[in-house]
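Quick note on this note's numbering: the sequence shown kicks off at 291 and runs consecutively. Even glycine gets a Cβ: it sits at the ideal position worked out from N, Cα and C. These notes concern the structure reproduced below.
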Amino acid sequence: MAQSIGKAAMPAPQSKKAPKTFEGDEEDITKFLEIYECCANDAQLPKAEWVKFMFRHLACAQWLTFEAFDGYATEDWDVFSASIKEAFGGAFQTKKCTCATLDSFTAELITTDTELHVYHRGFQGIAAYLITDKQLSEKD
């Protein structure tokens, strides 16, 4: 059986393999772009089609915003994605953490299992950054 490539191989919006529909939240843009680019690569979608095809995974309220980005009219993915990254600049910057960040994070009161899980994931992220940045040792 032949495997589909191109548009036919792209996951349908809201399917398990598709990126979550982008609603405009800056927190979601990095993951959205990462998943979209992986899907497009896996489907062997020609880069010339990436720009227009992305609109299947955008909320309608985002269409005018994304149509205004450089690279949209020319369907140039590299220019278009650079424009997105510029517009959502804060989401693509490395988050800087300090020991004070960890101190304030650990001061929060935890009362449920869900809060404990959220705390644990957050603590791991901050601690890993501090260890990598040599502000904290494994021993600390």
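Exercise. Is it true that the CB of residue 349 sits closer than 8 Å to the CB of residue 320?
Worked result: Taking 8 Å as the Cβ cut-off, residue 320 and residue 349 do not qualify as a contacting pair.
For this session: Throw me the rounded Cβ distance for the residue 425 and residue 389 pair, which I believe falls under 8 Å.
Result: Taking 8 Å as the upper bound for CB-CB distance, residue 425 and residue 389 are in contact here, some 6 Å apart.
For this session: Would you mind giving the Cβ-Cβ distance between residue 296 and residue 333, rounded to the nearest angstrom? I have them listed as a contact below 8 Å.
Result: So it is a contact: roughly 6 Å between Cβ atoms.
Exercise. Going by alpha carbons, who is nearest to residue 308 out of 360, 327, 317?
Worked result: For residue 308, the closest of 360, 327, 317 by C-alpha to C-alpha distance is 327.
Exercise. Where do the ends of the alpha helix (DSSP H) carrying residue 406 lie?
Worked result: Where residue 406 is concerned, the enclosing alpha helix (DSSP H) stretches over 403 to 422.
For this session: Would you kindly check if the distance between the Cβ of residue 360 and the Cβ of residue 373 is under 8 Å?
Result: Between residue 373 and residue 360, the gap from beta carbon to beta carbon is short of 8 Å.
Problem set entry | Counted within 10 angstroms of its Cβ, other Cβ atoms place residue 291 as buried (16 or more) or exposed | With a pLDDT of 48 at residue 291, under the threshold of 50, the predicted position of this residue should be treated as unreliable, though the coordinate-derived value follows. Classification of residue 291: exposed, given that the 10 Å Cβ count is below 16.
For this session: State the start and end residues of the unbroken alpha helix (DSSP H) segment that holds residue 348.
Result: Residue 348 -> no alpha helix (DSSP H), and no H or E assigned at all.
Exercise. Using a beta-carbon distance below 8 Å, is residue 416 in contact with chain B?
Worked result: The structure shown contains no chain B; it is built from a single protein chain.
Exercise. Using a Cβ-Cβ cut-off of 8 Å (strictly less than) and excluding sequence neighbours within five positions of residue 429, which residues of its own chain qualify?
Worked result: Within the same chain, residue 429 has no close Cβ partners at all.
Exercise. In or out: residue 407 buried (at least 16 other Cβ within 10 Å) or exposed?
Worked result: Label assigned to residue 407: exposed.
Problem set entry | Element boundaries [alpha helix (DSSP H), containing residue 393] | For residue 393, the uninterrupted alpha helix (DSSP H) run begins and ends at 389 to 396, by DSSP.
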